[in-house]
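Okay, so the sequence shown: first residue is -14 according to the numbering used here, each after it adds one.
Beta carbons: idealized from backbone N, C-alpha and C, even for Gly.
Following: one structure in structure tokens, then a few remarks.
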Amino acid sequence: PWYRKRQDEIPDWTSTDAWILGETGGYLRVCTENRNWFETDFPNWLEAEPATFDSAKRSDEHGSWIIEAMETGRVYRGHFNVRNRGVIPNLPPDAIVEVPGYVDRNGLAIPGVGDLPLGAAAICNNSIQVQRMATRAAIAGDADLLKQAILLDPLVGAVCNPPEVWQMVDEMLVAQAEWLPQYGGQIEGARRRLATQPSLARNRGDGAVRLKTRTVEELRSTSQGTGLSRPG
-14 PWYRKRQDEI PDWTSTDAWI LGETGGYLRV CTENRNWFET DFPNWLEAEP
36 ATFDSAKRSD EHGSWIIEAM ETGRVYRGHF NVRNRGVIPN LPPDAIVEVP
86 GYVDRNGLAI PGVGDLPLGA AAICNNSIQV QRMATRAAIA GDADLLKQAI
136 LLDPLVGAVC NPPEVWQMVD EMLVAQAEWL PQYGGQIEGA RRRLATQPSL
186 ARNRGDGAVR LKTRTVEELR STSQGTGLSR PG
């Protein structure tokens, strides 16, 4: 909310060196590229010689290290997503937190982390409450609570005023009605509002820091591809 509210300043706070550094729709772009690459290249994987598993070329992904620790007792230290339960006392106990921990044949052990600095805790608590409201809205099919959750999201609040949020949520509910049966008649209400009420002006554009989604051919021409390299 502090870095994306003024179009002319956004480039000062973002980078295109990696999708996670503020690129507009960066995660969607990378997922789309990976999907297209996989669908095109997977048949080649099946035809290739079986992969050779070599511990010297082991990746940094947690999975195999966790299995090794549980099977052999060799302690592995990593970061894990767990229910808080007092690990970070100044966050709610039912929040999911990513914290350091240890794995061995006895399972997962999470030591206490302690309180976060007040500023960090404030940001986390705000996000937790937005997520809590959105989750309850989805379970109960409560469109009003959903609108309140989105209104409280700091990135939305940096761009949209309340009437714009109401219209945006109505548009999203209607567009995804097939997959949101729990909202029932509230979607019909959203359709009526969109059909009868004046439409608010939208911020048109491709985003402040958006990169083009690369084709499979473009990915093949790069040395890195998408990171989904073919075995062999």
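- The shortest C-alpha to C-alpha distance from V194 to any of P78, T9, R178 is the one to T9.
- Residue pairing from DSSP places E83 in a beta bridge opposite N66.
- Here the C-alpha atom of E203 lies approximately 14 Å from the C-alpha atom of F23.
- By the criterion of at least three beta-carbon pairs nearer than 8 Å, the stretch 120 to 131 is not in contact with the stretch 84 to 101.
- Rounded to whole angstroms, the separation of the alpha carbons of M153 and T198 is 25 Å.
- Under the three-state reduction of DSSP output, Y12 falls in the helix class.
- Spanning the alpha carbons of Y87 and I51 requires a straight line of approximately 9 Å.
- Counted as a single uninterrupted DSSP element, the alpha helix (DSSP H) harbouring G174 occupies residues 170 to 181.
- According to the DSSP secondary-structure assignment, D89 is paired through a beta bridge with G92.
- The alpha-carbon of P28 is positioned some 46 Å away from that of I73.
- Where I51 is concerned, the enclosing alpha helix (DSSP H) starts and stops at 47 to 57.
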